[in-house]
Amino acid sequence: MIREGGCLCGAVRFKADGEPLNVRICHCRMCQKAMGSPYFARAQFDQKKLTVEGDTGRYQSSEAIDRVFCTTCGTRLFSWRR
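Written out as C-alpha cells, the structure is:
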C-alpha cells in the first residue's frame with residue numbers, strides 16, 4: 853500500500869510504500885513544542901521506502917531527529933531519524 857501526503861501549498865509531495873512499522877501518539881515535551889499542540893500523532897515508515905518531491909528544509913531538533921518542512925509555506929511534513 854502507498855500512503856501519500858504533502859504540504860499546504862502543494863510544492864512538496866511525499867509517498868511511503870508499505871505498512872507502517874509503528875503508529876502512535878507522542879506526548880513528550882519536544883513533540884508538543886514542535887507541533888504546537890498537546891501531542892504528535894505519527895506513523896513510522898521505513899525511510900528507504902519514502903520518496904519526496906519538492907524543496908524541503910530541515911531543523912535538527914535533537915541528536916537523533918530532524919524535523920522536515922516545506923521551504924515555501926512552512927508546513928511541517930515529517931520527522932527524519934538520523
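Following my numbering, the numbering of the sequence shown begins with 853 at its first residue and continues without gaps. Note that CB positions come from ideal geometry on N, CA and C, so glycine has one too.
What three-state label does DSSP hand residue i in the structure shown?
i           : result
residue 883 : helix
Once you ignore the five residues that flank residue i on each side, which residues in its own chain have a CB closer than 8 Å to its CB?
i           : result
residue 907 : 863, 864, 922, 923 and 924
Quick check: what's the CA-CA separation for residue i versus residue j?
i           : j           : result
residue 902 : residue 880 : 25 Å
residue 917 : residue 883 : 11 Å
residue 919 : residue 909 : 8 Å
What residues in its chain sit with their C-beta under 6 Å from that of residue i, if we drop five residues either side in the sequence?
i           : result
residue 856 : 867
Whose C-beta lies closer than 7 Å to the C-beta of residue i among residues of the same chain, with five residues either side of it excluded?
i           : result
residue 914 : 882
Entirely enclosed beta strand (DSSP E) segments - the region 855-883, minimum 3 residues:
At a cut-off of 3 residues, the continuous stretches assigned as beta strand (DSSP E) that sit fully inside the region 855-883 are 865-869 and 874-878.
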